Structure formats: structure tokens, C-alpha cells
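S.K.: Please find one structure pasted underneath; my questions will follow.
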Amino acid sequence: MLFARRRAEFNRRYVNPVVEPLAGYVPLWSAVDHVGRKSGKQYRTPVTAFPTTDGVAVLLPYGADTDWVRNLQTSGSGRVQIDGRSLLVAEPRVVPLGEALSVVKGPWRHVLRIAPVESALLLTRSS
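Yeah, the sequence shown ends on 126 if you go by numbering that gives the first Met the number 0, and it's all consecutive.
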């Protein structure tokens, strides 16, 4: 189920500025650093991400047609701040949530089964 666009706008304006300083250090709160595909500007977007066997899975509650997802797909790489670490990531792939569940590590797999989202973005750790 996709969240309403109004809620997305509310989160972008009011919630993200509060969450962003903590993103990457508090469980469930991570951040994706990406470059604007048109502007070339650096952006940081708070997300919900989970470690996988070879990178991270990012939930897509607003679907795959968001600026930050398209920016990563266009550039092919970015950086994710998760669990106090900064990971260089590449190969962004939008997949159904079920496929993402198969690679998520640890107990998070069970939590994600009840997540109200349809898809996730898989990112592979790169060097």
C-alpha cells in the first residue's frame, strides 16, 4: 500500500529535518546520499533500510517513482548511512518486498513481513 502524497510532503517538510541528524545511527533510521540527476546537487534522504547479505534493502513506502530512487538509478551508485557505518552502494534494483525479504539479515526479516509496502530497493555494497 502506498502512502498518500500529502503525507509524503508532510514528512519531507517536517519529519525529515528532525530525523535526518539521527539517520544512520538509530535502528531503522538510515540515510541515502545521492546526486540530483538534473541539478548535480548532493542530497541526503532519510529512509528505512535493513542490512542484507551483500548490501542493504530500503523500503519504498511511496513507491519507486521518487526523486531519490530515480537519482540512484540514473547514477548507478550512492552512499547509505546505516548502523553507524557509511557504505558505498551500487546496482540499485527495485524488487517486490518478498524478494527483498529473502536477503534481509537476522530478525528484521520477520518484522518486514508485516510492513505496509509493496516494494524495496536493493543496493549492493561496492568498494
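Even glycine gets a Cβ: it sits at the ideal position worked out from N, Cα and C. None of these values were measured; they are calculated from a predicted model.
Rounded to a whole number of angstroms, what is the C-alpha to C-alpha distance between T44 and D32?
M.R.: Numbered from its first residue, the sequence shown carries residue 44 at position 45. Numbered from its first residue, the sequence shown carries residue 32 at position 33. For T44 and D32, the distance between alpha carbons rounds to 7 Å.
S.K.: Just tell me which of V55, A89 and P95 has its CA closest to the CA of G105.
M.R.: For this step, residue 105 is matched to residue 106 along the sequence shown. Ranking the options by Cα distance to G105, first place goes to V55.
S.K.: Check T51 in the structure and name its three-state DSSP category.
M.R.: As a working note, residue 51 is residue 52 in the sequence shown. In the structure shown, T51 sits in a strand (DSSP, three-state: E or B).
S.K.: Based on the DSSP output, what are the partners of W67 in its beta bridges?
M.R.: Locating residue 67 in the sequence shown gives position 68, counting from the first residue. BP columns for W67 are empty, so no partner.
S.K.: Count the other CB atoms, across all protein chains shown, that sit within 10 Å of the CB of G77; report buried if there are 16 or more and exposed otherwise.
M.R.: Counted from its first residue, the sequence shown places residue 77 at position 78. By the neighbour-count rule (16 or more Cβ atoms within 10 Å), G77 is buried.
S.K.: Report the three-state DSSP secondary structure of L100 (helix, strand or coil).
M.R.: Your numbering for residue 100 matches position 101 in the sequence shown. Helix at L100.
S.K.: Could you round the C-beta distance between P91 and L71 to whole angstroms and report it? I think they count as a contact, below 8 Å.
M.R.: One-based indexing of the sequence shown puts residue 91 at position 92. One-based indexing of the sequence shown puts residue 71 at position 72. The pair is a contact, with the Cβ atoms about 4 Å apart (cut-off 8 Å).
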